[in-house]
Amino acid sequence: MNYVFGPVPSRRLGQSLGIDTIPLKTCNWNCIYCQLGRSVPMTNERRDYVPVQDILLEVEQALMSREKGRIDWVTFVGSGEPTLHSRLGEIIRRVKTLTTLPVAVITNGSLFYKADVREELSVADAVLPTLDAGTGDLYRQINRPHPQFTFERLVDGLVAFREVYRGKIWVEVMLVRGLNDTSQSLEDIAKVLQRVKPDAVHINLPTRPPAETWVQPADSEGLMRALSILGNIAEVVHPAEGSFDLSNDENIVEAVIGIITRHPMRQDELERTLVRWSPGQVSETLAELEASGRAQIVERYGIRFWSATPAHYPRSRQSIRNIPGGQRLSPKNHKNEI
Ligand code: SF4
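The numbering used here puts the first residue of the sequence shown at 5, with every later residue one more than the last.
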């Protein structure tokens with residue numbers, strides 16, 4: 005399958021069947037913590053990136069083939085910003101005719117200032133936008149948006165969406181040490197949240213490999229500060245535990261590429277996930293994918309992750325063939341879980 009994956013364990017949505025409406029990596033932001041690497045080039049063009057009919061066919065097949073009760077949510081998420089697909093609204097509506105499962109959209113919220121995007125998302129059961137900053141300066145530092153965006157436009161869009169949207173809005177704050185985990189930054193975010201009035205605030209940490217080498221997750225003091233300043237609708241979202249459903253992947257190459265395109269993983273995690281194949285087969289496949297230029301190693305927090313190319317990470321390692329398991333370099337820095 006090219007556009008539908010999982011169900012995968014989601015930190016916020018249980019077992020989530022993912023729908024990816026755009027190619028890697030299509031985004032109008034270039035967040036310093038993005039697990040998909042840098043946005044090269046960044047684009048703000050809404051268009052029909054992949055055929056609607058192909059997406060719907062895969063959704064239908066996935067819903068029929070997965071065991072009943074194995075999926076909690078159908079979630080639009082994946083290789084960039086899903087609202088850049090110009091027919092997202094139509095896709096959501098048609099997915100809802102295929103299933104009674106709730107539908108969520110994970111988005112950066114940058115296009116909510118547009119009435120047509122707000123209308124398209126109105127049929128989703130939950131929308132999970134990002135708010136990492138309460139000032140324009142910090143917004144530009146953390147999210148590095150397309151030049152067409154201002155912070156005021158982002159906030160106005162979120163407020164306008166809240167006014168019309170009847171589903172759940174769960175705002176995500178990705179907490180980066182030394183940037184938005186200070187008291188002042190959190191108070192600025194809290195002021196914006198008072199206007200947006202989300203149903204919940206999910207505090208998250210950049211535990212998957214961030215685009216920039218210098219990004220660090222907030223420490224426990226930063227997390228406590230965030231909880232106390234963002235109020236009682238805020239909660240820390242812990243890394244998800246659970247299994248990836250790969251029951252429909254017959255081909256090990258497709259299975260590996262399907263995972264690492266959206267979820268960069270350590271080799272030992274991949275070996276545990278791909279239980280249908282032996283660790284030796286997984287290792288051999290990764291080496292072949294690396295040699296053919298379809299996979300790469302990214303080192304962050306002293307840990308090596310496998311990611312798909314063409315994700316752009318500065319100073320990513322090109323080879324780990326001589327390192328058994330390709331695992332962590334420094335156990336005390338180990339912070340990554342899927
Ligand atoms: S984290 Fe999301 S919004 Fe930010 S650059 Fe990555 S895909 Fe885009």
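Where is the CB? At the ideal position from N, CA and C, for every residue including glycine. Small disclaimer: the values here were computed from a predicted structure and weren't measured.
Quick check on residue i: does DSSP put it in helix, strand or coil?
i, result
"E191", "helix"
"E85", "coil"
"G262", "helix"
"E239", "strand"
"Q220", "coil"
"S334", "The predicted model places S334 with a pLDDT of 32, which falls under 50 and marks its position as unreliable; any figure quoted below should be read in that light. Reduced to three states, the DSSP call for S334 is coil."
"P13", "strand"
"S296", "coil"
"E49", "coil"
"E303", "strand"
"R91", "coil"
"V56", "helix"
"S282", "coil"
"K100", "helix"
"Q65", "helix"
"N184", "coil"
"E71", "coil"
"R148", "coil"
"D203", "coil"
"I256", "helix"
"L138", "Note on identity: in this sequence residue 138 is Gly, with Leu being the wrong assignment. The answer is coil: DSSP assigns G138 none of H, G, I, E or B."
"L105", "coil"
"F153", "coil"
"A215", "coil"
"Y143", "helix"
"L115", "coil"
In the DSSP assignment, what residue or residues form a beta bridge with residue i?
i, result
"M178", "N208"
"I230", "According to the sequence as given, residue 230 is Ala; it is not Ile. According to DSSP, which records beta bridges pairwise, A230 is partnered with nothing at all."
"K172", "A130"
"T30", "G84"
"W77", "S20"
"W310", "M269 and I301"
"I110", "L132"
"R42", "H316"
"V8", "I23"
Beta-carbon separation of residue i and residue j under 8 Å?
i, j, result
"Y53", "T79", "no"
"A222", "L190", "no"
"L135", "V175", "yes"
"G82", "D141", "no"
"A238", "I264", "no"
"I256", "L278", "yes"
"G22", "G41", "no"
"S241", "V200", "One point to set straight first is that residue 241 is Val, not Ser, in the sequence displayed. In this structure, V200 does not lie closer than 8 Å to V241 by Cβ."
"V109", "L88", "no"
"L209", "V260", "no"
"Y7", "P214", "no"
"I307", "R270", "yes"
"G171", "V205", "no"
"P268", "W310", "yes"
"G138", "I193", "yes"
"L60", "R98", "yes"
"I26", "G84", "yes"
Report buried or exposed for residue i, applying the criterion of at least 16 other Cβ atoms within 10 angstroms of its Cβ.
i, result
"N236", "exposed"
"M178", "buried"
"A295", "exposed"
"S282", "exposed"
"T101", "exposed"
"A119", "exposed"
"N34", "buried"
"S43", "buried"
"D203", "exposed"
"Q19", "buried"
"S114", "buried"
"D185", "buried"
"P314", "exposed"
"T111", "buried"
"T211", "buried"
"T104", "exposed"
"S187", "exposed"
"S14", "buried"
"G161", "buried"
Worksheet item: Residues near the ligand SF4, CB to any non-hydrogen atom under 6 Å, in chain order?
Response: C31, W33, N34, C35, C38, L40, S43, G84, E85 and N112
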